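**Q** If you scroll down you'll find the structure; I have some questions about it.
Residue numbers (full-length UniProt numbering): 1 to 166.
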């Protein structure tokens, strides 16, 4: 039976943990450019299925943490510029897969968050986050540069000098 015949008959099924492990091992051996060879290692899966599973689920470089508001802002702004070209938009969100970007966009839209007012809200949240970071840095610098005497600083941050054995 040829490769095409064996892979055309495969019904869509969930990936098993065994298949995931086979795919990880095959990618280790063959890299991420040889999907035909990798698919031959995974009987019943074709090149496209293997590539998409790797890119969207198994790649260890994927960022699977919760989305931040600044990432949502980048996503929404780039969607205005590039439309539904998820791979292009994903380039501005390191570690996020094109499929993950698409899913996040539609989640935002479902929650009615993809309105122009939402972009303003996200920009405001992002600016507040930056302002808080800047204020904290300024406070840290002010403490260091204050005209307090050493005794005042010691009462705030006690420090014991090591005793010498002289």
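Glycine is no exception: its CB is placed at the ideal position from the N, C-alpha and C atoms. Here the structure is a predicted model, which means the values were calculated and not measured.
Give me, in chain order, the residues of the same chain whose beta-carbon lies closer than 6 angstroms to that of residue 136; leave out the 5 immediate sequence neighbours on both sides.
**A** Hits under 6 angstroms: none found.
**Q** Return the residue from the list 36, 27, 45, 35 that minimises the CA-CA distance to residue 15.
**A** That would be 45, whose Cα lies nearest to the Cα of residue 15.
**Q** Roughly how far, in whole angstroms, is the beta-carbon of residue 122 from the beta-carbon of residue 69, given that I think they are within contact range, below 8 angstroms?
**A** Indeed they touch by this definition, with Cβ atoms about 5 angstroms apart.
**Q** Quick one: grab the DSSP three-state call for residue 129.
**A** The answer is helix: DSSP assigns residue 129 an H, G or I state.
**Q** By Cβ distance, which residues of its chain are closer than 7 angstroms to residue 101, with the 5 residues on each side in sequence left out?
**A** So the qualifying residues of the chain are 75, 86, 89, 90, 93.
**Q** Using only the alpha-carbon positions, how far apart do residue 127 and residue 99 sit?
**A** Computed Cα separation, rounded: 28 angstroms.
**Q** Once the 5 residues before and after residue 17 are set aside, which same chain residues still bring their CB inside 7 angstroms of it?
**A** No residues qualify anywhere along the chain.
**Q** For residue 13, which three-state DSSP category applies?
**A** The answer is coil: DSSP assigns residue 13 none of H, G, I, E or B.
**Q** Could you give the DSSP three-state label for residue 45: helix, strand or coil?
**A** Of the three classes helix, strand and coil, the one that applies to residue 45 here is coil, per DSSP.
**Q** What do you reckon, are the CB atoms on residue 37 and residue 50 nearer than 7 angstroms?
**A** No, the pair does not count as a contact, with Cβ atoms beyond the cut-off.
**Q** Near residue 35, which residues of its chain fall below 7 angstroms by C-beta distance, leaving aside the five closest residues on each side in sequence?
**A** 47, 50, 51.
**Q** Check for me: the alpha helix (DSSP H) holding residue 100 runs from which residue to which?
**A** Residues 98-110.
**Q** Nearest to residue 108 by alpha carbon, out of 134, 133, 79, 97?
**A** Nearest option by C-alpha distance: 79.
**Q** Determine the DSSP secondary structure at residue 68, reduced to helix, strand or coil.
**A** Looking at residue 68 - three-state DSSP - the assignment turns out to be coil, as it is neither helix nor strand.
**Q** Alpha carbon to alpha carbon, how far is residue 151 from residue 96?
**A** Here residue 151 scores only 49 on pLDDT, less than 50, and its place in the model should not be relied on; the value that follows carries that caveat. If I take the Cα positions, the gap works out to 51 angstroms.
**Q** Determine the direct distance from the alpha carbon of residue 71 to that of residue 177, and round the result to whole angstroms.
**A** Nothing in the structure corresponds to residue 177, since the chain is present only between 1 and 166.
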